[in-house]
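Okay, so here's the structure we're looking at.
And the structure:
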């Protein structure tokens, strides 16, 4: 048993280290694509260098090597940018849902979970023990976000880019994830009280709400909204 336990702990640690290494690789690829975007913009193929991120890899190489199946890369990028902007403000579908017909629009998704009628209490999966009472700060994008001392961070999901916010947080509430997700693993390493798998937490809570969270029990009690 002890051998299996040690191996499991090592593999979990390696899994998280792999995430950081993967992020470093993504950074290198992003720098290459950014340079290609500037060159395609200089050649008049794209309206904006950042439009390169709205093209697929094959399309980018096709535009650069003049082997693409279309010459309208700027129009294609504009169309996808508009779709991205629409999706950014559209509410994400529930974790579990049922549909009728093609799965192509979020408006057709129907939650298969029973709604939580206890508005003053929420339950998720306790990822790191600890009881905290404090004001929450709902953050949807970590870039430029700042927390006041004692605030509890509320997010939809996290990745290595969110780690800079963790030391300033008194607790962490995450809409998605599991006990082996990034939020859960890092919070245990930092001994930061954390609860994951809280559907709708980013819309139920508003910045400034006063809550009490119990990271062991996985419960969140709204004291003042």
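Residue numbers (this note's numbering): 8 to 232. The C-beta atom is built at its ideal place from N, Cα and C for all residues, glycine as well. Bear in mind the structure is a predicted one, so any value in this text is a computation, not a measurement.
Asked, Found
"Grouping DSSP H, G and I as helix and E and B as strand, with all else coil, what is residue 98?", "coil"
"If you reduce the DSSP assignment to three classes, tell me which class residue 172 lands in.", "helix"
"Whole-angstrom Cβ separation of residue 73 and residue 47, contact assumed at under 8 Å?", "Going by Cβ atoms, the distance from residue 73 to residue 47 rounds to 11 Å, so no, they are not a contact pair."
"Please classify residue 39: is it buried, with 16 or more other beta-carbons within 10 angstroms of its beta-carbon, or exposed?", "exposed"
"Within the stretch 33-74, note down every full alpha helix (DSSP H) run reaching 4 residues or more, in order along the chain.", "64-72"
"Using 10 angstroms around the beta-carbon of residue 28, count the other beta-carbons present and answer buried if the total reaches 16, otherwise exposed.", "exposed"
"Let me know the alpha helix (DSSP H) ranges lying completely inside the stretch 179-206, each 4 residues or longer, listed in chain order.", "189-197"
"Identify which residue in 93, 129 and 218 has its Cα closest to the Cα of residue 182.", "129"
"Are the Cβ atoms of residue 154 and residue 134 separated by less than 7 Å?", "no"
"Between residue 205 and residue 137, which are expected to be in contact by the criterion C-beta below 8 Å, what is the C-beta distance as a whole number of angstroms?", "About 16 Å separates the two Cβ atoms, so there is no contact after all."
"Using C-beta distances below 8 Å, list every residue in its chain close to residue 209, excluding the 5 sequence neighbours before and after it, in chain order.", "145, 147, 161, 162, 163 and 182"
"Hey, is the stretch 52-60 in contact with the stretch 220-227, meaning 3+ C-beta pairs nearer than 8 Å?", "no"
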